[in-house]
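Notes to accompany the following structure.
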Amino acid sequence: MLIYRKFLRDLLRNYMMGSGIAVLVVGGVIISTTLTISGAEMLRVFIIMILSLCVMMFAEFLIFRRHIGPIREMMGQEKPSLTTIRAAYLQTHRFPALSVMRIMGPHFLGLSIPAMTMASLGIAWGWLTLPAFYIGLAGIGAILIASMHALLEFFTTAQAIRPMLIHIRELGQQIHGEDVSLDGRVIVSIQRKFQLSAFLIGTMPLFLFSLATQIRLSTSVDSSQLIADYWKWAAIILLLGVGFSSLGARLLASDIQQPIEDLHRVMKQVQSGDLKVRASDLYSDEFSRLIAGFNHMVKGLDAREKMNNQLLQSYYATLAAALDARDAYTAGHSTRVAKYSLLIGQAVDLSEQELDWLYKTALLHDIGKIGVRDAVLLKDGRLTDEEFEQIKRHPDLGESILKQIEPAEAMAPLLPGVRSHHERYDGAGYPDGLKGQDIPVFGRIIAVADAFDAMTSDRPYRKGMPIQKAMAILADGKGSQWDPRFVQGFMDAYKA
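Read in order, the letters of the sequence shown are residues 5 to 500 in the working numbering.
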């Protein structure tokens with residue numbers, strides 16, 4: 005609760021400071037320096053202001069209690085739910101904008117309506133000897149002063165909420181293990197923030213000066229012509245000031261918004277997996293430092309991605325090499341099958357991603373033989389029926405082994421090819437007896453590459469057959485043992 009109490013103290017301090025500067029200092033100075041009234045009437049004016057401030061603070065307190073509700077609810081619970089934490093986090097982010105709503109709502113109305121009402125009664129009852137149109141001018145001045153207060157309150161509140169936001173994020177991590185964030189949601193856009201701020205900063209002094217001068221001139225003798233001439237001049241100055249402030253605000257907002265939009269666009273490309281992209285460093289202010297840091301980060305991610313891919317490729321190759329090392333006569337078999345499979349995949353125009361998956365699947369297609377006993381796997385002579393049944397289990401064993409590797413989604417594209425590389429196109433294969441197009445694509449491709457390498461490689465009990473004979477056997481097996489499309493693709497690619 006300490007962080008919550010500090011949060012309330014900071015908000016109260018900022019509010020009192022903003023009220024003091026905007027209402028008492030600016031408003032009080034204007035009133036005391038422009039009105040030529042007696043000391044008794046000046047006292048009555050300040051009494052009206054104090055009473056109006058009381059009404060204003062009561063109305064604003066009621067609204068503030070409602071605004072602080074989600075945060076107070078979270079802080080009052082020992083283990084708040086994730087929904088409660090997220091609601092408090094969002095409400096805390098909204099507090100600067102809500103502070104503006106409070107200033108322009110209960111603050112402005114709670115002050116101006118009672119003050120204007122009491123001033124009107126004071127003039128009617130003779131307590132104040134002010135012209136009635138002063139009340140209208142006071143209303144306009146109240147809008148300007150409230151706008152100034154809202155500007156101060158927005159930026160001071162934006163600073164005050166940061167410790168609370170950090171605390172809420174830590175709660176989400178500690179209690180639920182979740183990162184609480186806005187997920188890119190924009191509460192107040194930079195464009196609106198800068199345009200309104202620059203506009204108020206540029207035009208506020210002009211309007212206050214014009215109002216104060218109007219009041220001052222109205223007290224002069226025979227001031228009607230002087231006031232008319234003044235407003236002709238003042239209207240031109242005000243139009244120029246408003247136009248310049250609006251243009252400057254737009255240019256300032258654009259100067260800030262453009263690099264942010266550029267950076268956000270590049271971030272979306274990085275999020276989609278493009279680590280070659282770089283943000284253009286077209287800026288000479290602090291954004292140059294930010295973009296340089298972003299590009300450095302993406303460059304590091306790209307290098308890490310390359311390293312991870314190299315490690316992953318080495319992992320697959322090492323597994324295949326470890327399997328082939330069990331039998332000197334089959335050394336390099338998995339690598340050759342992967343190379344032949346890649347030839348077929350390229351011949352039938354598989355995508356880059358599919359070729360990568362195919363290569364990895366072919367490297368690991370015999371991984372299940374790890375589960376076959378050496379006495380069976382390394383036997384020189386003919387296998388018995390029982391021993392052959394053990395060999396036939398290796399596609400199923402290979403799939404089971406790869407299913408144990410995490411993350412599961414990384415291995416998922418490889419599983420069908422590993423399981424089905426001994427299926428036959430006519431349905432006489434194993435382990436599932438699949439037929440034709442029901443056999444997964446990678447399984448049909450690897451079956452051709454596996455058979456070709458088996459026929460052309462030396463074994464303890466026979467010499468590898470010539471390539472032309474192996475090609476002839478593949479051609480004869482089109483449509484029966486192997487998919488004719490992939491056999492033809494391999495033969496054409498191999499000859500080329």
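Even for Gly, the Cβ is constructed at its ideal location relative to N, Cα and C.
Could you check whether residue j and residue i sit closer than 8 Å to each other, using their CB atoms as the reference points?
{"i": "Gly514", "j": "Leu367", "result": "No answer is possible for residue 514: the residues shown for the chain start at 5 and end at 500."}
{"i": "Ala92", "j": "Ile75", "result": "yes"}
{"i": "Ile477", "j": "Met459", "result": "yes"}
{"i": "Lys396", "j": "Leu327", "result": "no"}
{"i": "Arg48", "j": "Trp129", "result": "no"}
{"i": "Gly421", "j": "Gly447", "result": "yes"}
{"i": "Phe490", "j": "Tyr344", "result": "no"}
{"i": "Gly336", "j": "Ile371", "result": "no"}
{"i": "Ile89", "j": "Val192", "result": "no"}
{"i": "Pro110", "j": "Met60", "result": "yes"}
{"i": "Ile165", "j": "Thr96", "result": "yes"}
{"i": "Leu115", "j": "Leu57", "result": "yes"}
{"i": "Pro435", "j": "Asp400", "result": "yes"}
{"i": "His369", "j": "Ser338", "result": "yes"}
{"i": "Glu391", "j": "Lys383", "result": "yes"}
{"i": "Leu438", "j": "Ser461", "result": "no"}
{"i": "Gly493", "j": "Ala351", "result": "yes"}
{"i": "Ile107", "j": "Ala150", "result": "yes"}
{"i": "Leu256", "j": "Ala202", "result": "yes"}
{"i": "Thr161", "j": "Phe213", "result": "no"}
{"i": "Leu418", "j": "Thr365", "result": "yes"}
{"i": "Leu200", "j": "Gly22", "result": "no"}
{"i": "Ala142", "j": "Met120", "result": "yes"}
{"i": "His426", "j": "Ala453", "result": "no"}
{"i": "Gly483", "j": "Tyr429", "result": "yes"}
{"i": "Ala146", "j": "Phe112", "result": "yes"}
Where do the N-terminal and C-terminal ends of the alpha helix (DSSP H) with residue i fall, by residue?
{"i": "Asp360", "result": "Glu356 to Leu367"}
{"i": "Thr160", "result": "Phe137 to Ala164"}
{"i": "Glu64", "result": "Gly43 to Met79"}
{"i": "Asp353", "result": "Per DSSP, Asp353 belongs to no alpha helix (DSSP H) and is neither H nor E."}
{"i": "Pro420", "result": "Leu419 to Ser424"}
{"i": "Thr88", "result": "Leu86 to Arg106"}
{"i": "Leu452", "result": "A small fix is needed here, since residue 452 is Val in this sequence, not Leu. Start and end: Val445 to Thr460."}
{"i": "Ile117", "result": "Phe112 to Ala128"}
{"i": "Ser23", "result": "Leu6 to Ser23"}
Based on the DSSP secondary-structure assignment, which residues constitute the bridge partners of residue i?
{"i": "Trp486", "result": "Lys482"}
So, under 8 Å CB-CB, residue i and residue j are touching, yes? Tell me the CB distance rounded to an integer number of Å.
{"i": "Pro167", "j": "Ile7", "result": "6 Å"}
{"i": "Val302", "j": "Val274", "result": "6 Å"}
{"i": "Leu279", "j": "Leu305", "result": "6 Å"}
{"i": "Val190", "j": "Ala154", "result": "Not confirmed; about 19 Å, so no contact."}
{"i": "Val194", "j": "Ile295", "result": "Inspection of the sequence shows that residue 194 is occupied by Ile rather than by Val. Their Cβ separation, rounded to whole angstroms, is 16 Å, which puts Ile194 and Ile295 out of contact at 8 Å."}
{"i": "Ile179", "j": "Lys83", "result": "6 Å"}
{"i": "Ile52", "j": "Ala123", "result": "6 Å"}
{"i": "Pro263", "j": "Phe298", "result": "In fact, because the Cβ distance is near 11 Å, the residues do not count as touching under 8 Å."}
{"i": "Ser249", "j": "Thr207", "result": "5 Å"}
{"i": "Met5", "j": "Met78", "result": "With 8 Å as the limit, Met5 and Met78 do not qualify as a contact, their Cβ atoms being about 11 Å apart."}
{"i": "Leu148", "j": "Phe211", "result": "5 Å"}
{"i": "Ala283", "j": "Asp266", "result": "6 Å"}
Using a Cβ-Cβ distance under 8 Å, would residue i count as near chain D?
{"i": "Pro263", "result": "Of the protein chains in this structure there is only one, and it is not chain D."}
Those runs of the beta strand (DSSP E) which lie wholly inside the region 367-412 and span at least 3 residues | none
_Going residue by residue through the region 251-309, where are the continuous beta strand (DSSP E) segments of at least 3 residues, counting only ones entirely within it?_
none
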